[in-house]
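Here is the structure we will look at.
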Amino acid sequence: MKNQSLLTRIAFGVGPIIVSLLVTALLIVLVGANPIKVVEKLWVGAFQDLASISNVINFWIPLTLASIGLVVTFIAGLWNIGVEGQILMGALFASGVALFWQIPAPFLIPVEILVAMIGGGLWALLVGSLKVYLGVHEIFGGVALNALANVIAITLITGPWRGQAGGNSRGTPSFPPDAILPPISADLNVSLLAFILVIVVIVVIWLALRGTRWGLQLKATGKNARSALLLGVPTGRSTLSAFIVCGMIAGIAGSYRVLFTFQNLRPLASGGIGFLALLVVLLISLRVLWVPIVTLIFALLLGGSAKLKIDLKLDASLIGVMQDTVVLVVLLFNGLRQRIQERRQLKDHFKPTSITATVENQRVIGDTNE
Amino acid sequence: MSEELINTLSSIIANATPLVIASIGETITERVGVVNLSLDGSIILSAMVGFAAAYVSGNAIVGLFAAMLVGALVALIVAAAGIELKQDQVAIGFVLTLLCADLAQFLGDPYARQPGPQILKTPIPFLQDIPLLGPIFFKQTLLVYFSYILVFGTWYWLFRTRQGLALRAVGERPTTAFARGTNVNRLRYIYVAVGGSLVGLAGAAYSLSVKAGWTTPPSMAGDGWIALAIVIFGGWHPFRVVLGAYLFAALRAFATVAQRSADLNIPVVILNGIPWLLMIVTLVLVSSGAIERLLMVLPRPVQKFTRNFLRSDPPAALGTRFDPE
Amino acid sequence: MQVTLRHIHKRFGAIHANNDINLTFEGGRIVGILGENGAGKSTLMKILSGFQPVDSGEIWIDNRPVAYTGPQAAIHNGIGMLQQDPLDVPAFTVLENFIYGNGDGFFLPRKTATQQLKQISQRFGFELEADMPIAQLSIGQRQQMEIVRLLTLGVKMLILDEPTTGISAEQKQILFDALRHLTKEDGLSVLLVSHKLEDVIALCNEVAVLRAGRLVGTRQMPATNAQLVSLMFGQELAPQTRKQLDLSAAPDALVLDHLYLHGHRVNVDDVNLRIKAGEIVGLAGLDGSGQELVLRACVGLHKSVRGRISLKGQDLTGQSYRSFLAKGVAFGAAGRLEEGLVGGLTLTEHIALANESGSFINWTAARQHCENQIKLYDVRGRPDSMIETLSGGNQQRVLMALMPNSPILLALEQPTRGLDVDSARWIWQQLLERRDRGAAIIFSSPDLDELVAYSDRILVFYAGRIFEIPDANRTTIDEIGRLIGGHFEVQPA
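Protein chains in written order, with the numbering used here: chain A, 0 to 369; chain B, 7 to 331; chain C, 130 to 622.
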């Protein structure tokens with residue numbers, strides 16, 4: 000990609016965004032709304048006041064965590080579609096602690112988060128073990144375990160965790176105040192602890208992938224597991240560790256959803272954040288430091304979309320459509336760019352040579368039949 | 007046999023039909039060497055479009071064709087991205103899964119919870135009077151009858167025609183197919199479109215028959231993934247695939263029955279989990295070589311037949327690209 | 130049928146694979162196409178049979194120029210090629226493969242096709258059952274199937290690429306007889322691409338020799354082995370001299386004690402082997418005769434059902450490949466980019482990966498180390514080059530650089546596969562240096578010359594049975610050839 004002009008590079012960088020904006024605009028017009036109005040509402044929805052900004056950050060925190068976790072599995076060549084279930088399991092484990100464990104206040108929250116990491120990690124380990132020991136592809140294992148996590152959550156919410164008062168099929172009773180992450184202030188409704196945790200996770204994973212044997216082994220396993228094994232990489236362990244690390248980070252994301260956003264356990268507590276994180280990872284081609292930027296854009300769109308349904312009667316899935324389209328178009332543009340590049344290289348290599356045929360210097364064998 | 011049991015069996019056949027059609031569609035797609043992972047999304051989108059088209063035109067048949075068109079288009083995006091743009095079919099398929107589901111929800115908003123046309127049952131004269139079999143198999147909708155023909159037709163096409171040879175060769179070893187004069191990529195486009203349109207038809211089979219109407223969240227969400235698993239369970243063989251689809255539908259029916267009868271006393275949620283547990287168990291059986299070990303126990307003459315029936319190798323060129331040069 | 134090549138040119142990037150080739154082939158004759166690896170003979174045959182488009186030049190058939198795109202069109206023009214790895218569909222049955230690409234229509238003509246298949250098979254003594262799955266056939270049978278298919282399609286010129294690699298002695302005899310019948314009785318023209326000179330001498334009426342993309346000579350047969358070698362290499366090869374070590378006092382490096390190995394297709398029972406430090410043991414045999422199982426068992430990649438395995442007196446039975454590595458074993462697989470190197474990683478990353486040292490990686494030191502290794506092993510590449518951009522010879526050099534300097538045991542599958550003569554010689558020089566430092570070496574090779582030139586002892590494998598040639602210096606290629614075909618009753622000289 001080095002020998003491409005600045006112009007082509009900009010075209011391929013901005014092109015997908017323009018194309019997907021056009022597609023989305025077309026859709027909006029199609030359902031009889033005004034795209035300009037939509038942009039206005041999105042802007043207002045995201046930046047109106049401290050509450051809406053908090054709302055954006057509250058999307059950003061779990062989304063960034065899940066995306067960072069997924070980078071780890073994707074580097075190891077693993078399509079961890081089960082991240083959705085891992086988030087939910089983190090949420091579920093944290094809720095268990097919040098509802099039933101009597102721990103003094105200063106220790107309660109760290110224990111909740113730690114247990115959430117264990118929950119997410121175990122659920123991911125299950126997908127990993129199915130793959131490593133039993134040969135089940137992680138996409139199918141993941142999808143099944145996502146659904147099972149949902150089933151388990153609903154079972155608990157409607158059954159044993161229902162509680163005497165306040166619980167119904169839409170969620171458990173609210174957690175005690177000590178179990179909930181404190182906000183920075185009443186206006187800026189964001190957990191500082193979680194924010195710091197996100198930054199720490201980004202830095203630690205970035206360093207681990209760059210500078211440790213573990214990171215290099217993950218990369219080798221992802222590129223060619225067979226060769227990696229022969230070079231002495233414990234590939235099975237590498238694969239499992241990638242799943243566990245991802246699951247643990249996803250678990251933190253899940254704990255944030257229940258310990259801060261909802262303050263109780265609900266069905267679908269992860270709310271598609273895992274799938275969104277998969278889109279993010281497809282978009283950034285495994286560069287960790289791009290994660291917080293892309294997730295911020297996604298979070299802004301999500302935060303902004305709150306006003307769409309109320310003010311314009313547009314379904315909030317419009318934002319999903321927009322995000323999905325961007326990723327699809329980016330992938331297609333990547334392919335297009337590679338194709339153009341290969342064409343150009345081919346032309347450089349094979350300059351046609353013209354040879355005029357002369358029959359005189361034919362070498363003939365087989366004309367002397369003994 | 008009791009009336010109730012016959013009714014249950016008949017409804018199992020009916021409810022399994024979208025799964026049958028979708029997984030046969032994906033079987034064809036994968037047999038030619040392409041993975042269309044977008045099933046869960048494209049079924050939802052084609053269900054919505056199928057319902058909307060039928061609703062607007064007042065004609066269910068229009069809905070069927072609209073849904074098939076949508077399914078084919080989505081599948082062709084996967085094929086084109088894989089063949090022309092050399093992109094990972096899994097990644098494209100996954101993004102399309104989400105995109106289709108979101109699109110369906112966004113565009114389908116006006117049609118949600120509206121009453122619309124449905125495909126009605128058309129019992130086949132004479133056949134429906136056969137004791138037992140008649141009421142179970144031949145008092146159904148045209149879609150169900152189509153699924154019978156589809157399964158046998160696909161089997162026949164794959165294993166008994168020259169076109170079938172070319173189709174399988176492209177999915178197994180495209181270099182050979184090329185050497186024998188088959189246009190590998192053209193064939194892939196054609197069969198991916200056919201497979202995709204069947205997936206679309208499956209979507210319409212939900213919204214115009216089995217789970218008639220359109221709702222958000224869509225009632226058939228998750229079935230696309232099950233269909234994908236059924237293809238693996240079915241070892242890419244139409245007869246086994248259809249068996250898998252009926253098995254899943256039967257399990258679900260059992261769950262609903264258990265739900266209604268209080269004396270069984272099984273928590274409903276656990277029954278809801280059964281299809282997914284079964285999916286994991288079958289994948290483990292197929293993937294881990296456990297079947298192979300199981301076979302060793304059987305007596306020799308049975309072994310050969312069972313081995314052929316349980317063969318579970320995916321098409322060798324599945325998900326790969328082919329350049330003629 | 131007369132086929133003429135005129136001024137054929139073909140380039141792959143910087144390599145001029147075919148440079149102005151002019152040749153005429155007459156019907157009724159068997160022509161050997163000779164040349165060392167990379168001489169351009171396979172490319173020329175692929176052009177002739179439609180698998181590769183030509184850059185410039187013409188193909189004339191019976192005094193008319195023809196232009197075709199693709200192998201199917203070449204077959205219509207009467208030219209068919211049997212690839213080294215026969216182009217069939219493993220998931221098909223023999224009959225399905227026979228029918229596919231043969232005729233039009235909707236239904237499968239099972240009856241007539243079965244009859245046709247039987248007829249031609251019987252004529253040549255081929256053993257082909259219509260309902261056999263291809264995956265269960267031997268390479269020899271798959272070749273036979275492909276020949277039957279091409280003949281049914283009316284091919285007048287049959288091209289065979291290394292047809293005797295991986296087939297049994299009997300199958301080779303059947304094949305040669307069939308080719309003789311086809312040329313003498315049916316007037317077919319046969320082109321035989323082979324580096325096995327004994328095959329060429331046995332079969333061909335004449336030879337054409339390519340070197341570095343050019344046609345350098347043709348010759349009527351008969352000719353002696355030495356004459357053909359001098360045509361191929363420009364001079365006769367001097368026998369390789371290898372310093373012999375006195376092994377009488379050397380300690381055992383590896384001991385296999387009553388090992389039972391079970392593979393997919395072949396079992397090797399009761400393997401007993403002692404390899405001394407500084408000893409080189411070569412494994413001969415057709416693909417899948419069991420030598421791969423033994424080689425991989427030596428490094429813990431294949432678990433034995435029974436028996437013990439020990440390295441320098443230390444029992445390692447049942448241990449993992451990684452613990453073998455830690456104990457000083459190195460393994461090199463035949464497919465470099467499939468098993469050994471990681472495409473998408475740089476040279477430096479490979480070096481860092483192979484050097485076990487702590488949890489953190491010092492990239493400056495790794496890069497420095499990589500630069501040293503590049504110099505030491507004369508690799509054409511930079512520390513940040515992706516491994517897959519290197520040529521095969523350079524990849525093999527990197528693999529050598531990744532191996533420990535003084536291992537106890539080196540186990541190598543086809544260490545010079547696909548390399549030119551220079552690179553192959555260089556690799557052996559490296560291996561011998563490690564041998565001199567006390568490493569035991571066990572390697573497999575399809576190349577009998579290589580086995581005889583470098584081994585102290587040779588083990589010949591046939592269908593899981595092992596025949597030992599205790600002194601490689603006192604054997605002949607003919608003798609090993611017979612053993613590989615399963616004639617174990619012949620005692621070594």
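We put the beta carbon where it would ideally sit given N, CA and C, even for glycine.
Where residue i falls, given that 16 or more other Cβ within 10 Å makes a residue buried
| i | result |
| --- | --- |
| A643 of chain C | An answer regarding residue 643 of chain C cannot be provided, because it is not within the stretch 130 to 622 covered by chain C. |
| K40 of chain A | buried |
| A367 of chain C | With a pLDDT of 45 at A367 of chain C, under the threshold of 50, the modelled position of this residue cannot be trusted, and the question is left open. |
| I537 of chain C | buried |
| F99 of chain A | exposed |
| E299 of chain C | exposed |
| P15 of chain A | buried |
| L326 of chain C | buried |
| M302 of chain B | exposed |
| H243 of chain B | buried |
| K312 of chain A | exposed |
| H138 of chain C | buried |
| E365 of chain C | Any reading at E365 of chain C needs caution, since the residue's pLDDT is 45, under 50, leaving its predicted position unreliable; the model's value is listed next. By the 10 Å Cβ count, E365 of chain C comes out exposed. |
| G75 of chain C | Nothing can be reported for residue 75 of chain C: it is not among the residues displayed for chain C, which extend from 130 to 622. |
| P141 of chain B | buried |
According to DSSP, residues forming a beta bridge with residue i
| i | result |
| --- | --- |
| V397 of chain C | C:L390 |
| H205 of chain C | In DSSP, H205 of chain C forms no bridge with anything. |
| I190 of chain C | C:V132, C:R193 |
| G346 of chain C | C:V338 |
| Q443 of chain C | C:L440 |
| S267 of chain C | S267 of chain C is not bridged to any residue. |
| K405 of chain C | C:D381 |
| R435 of chain C | C:Y389 |
Identity of the residue in the options nearest residue i by Cα
| i | options | result |
| --- | --- | --- |
| G186 of chain C | C:H136, C:V223, C:N534 | C:H136 |
| L113 of chain B | B:L82, B:V308, B:V198, B:I50 | B:I50 |
| E111 of chain A | A:L64, A:D177, A:S53 | A:D177 |
| K145 of chain B | B:I12, B:V176, B:L75, B:L109 | B:I12 |
| L285 of chain A | A:V142, A:S316, A:I201 | A:I201 |
| P3 of chain B | B:C106, B:V96, B:T23 | What the structure shows of chain B is the stretch from 7 to 331, and residue 3 of chain B is not part of that stretch, so it cannot be assessed. |
| G316 of chain C | C:A355, C:D578, C:M286, C:V410 | C:M286 |
| T238 of chain A | A:L192, A:L258, A:G214 | A:G214 |
| D549 of chain C | C:N534, C:L539, C:R526, C:S573 | C:R526 |
| F596 of chain C | C:G419, C:P544, C:S535 | C:G419 |
Span of the alpha helix (DSSP H) around residue i
| i | result |
| --- | --- |
| R309 of chain C | 298 to 315 |
| V126 of chain A | 104 to 133 |
| Y591 of chain C | It is not in any alpha helix (DSSP H) - Y591 of chain C instead sits in the beta strand (DSSP E) that spans 586 to 591. |
| A73 of chain B | 66 to 89 |
| T157 of chain A | 137 to 157 |
Residue span of the beta strand (DSSP E) that contains residue i, given as start and end
| i | result |
| --- | --- |
| D290 of chain C | 286 to 290 |
| A413 of chain C | 409 to 414 |
| S573 of chain C | 569 to 573 |
| E633 of chain C | There is simply no residue 633 of chain C to check, as chain C begins at 130 and stops at 622 in what is shown. |
Residue i Cβ short of 6 Å to the ligand FAD heavy atom set
| i | result |
| --- | --- |
| G88 of chain B | Ligands in the displayed structure: none, and consequently the ligand FAD is not present. |
Interfacial residues, the segment 259 to 284 of chain A to chain B, with Cβ spacing under 8 Å: F274, L277, L278, L281
What are the residues of the segment 216 to 240 of chain A that lie near chain C, defined by any Cβ-Cβ distance shorter than 8 Å? Q216, K218, A219, K222, N223, R225, S226, A227, L228, L229, L230, G231, V232, P233
Please list the residues of the segment 453 to 470 of chain C that have a C-beta atom closer than 8 Å to any C-beta atom in chain A, keeping them in chain order. L454, F460, A462, L466, E467, E468, G469, L470
What residues in the segment 105 to 131 of chain B bring their beta carbon closer than 9 Å to a beta carbon of chain A? L105, C106, A107, D108, L109, A110, Q111, F112, L113, G114, D115, P116
What are the residues of the segment 475 to 491 of chain C that lie near chain A, defined by any Cβ-Cβ distance shorter than 9 Å? E478, H479, A481, L482, A483, E485, S486, G487, S488, F489, I490, N491
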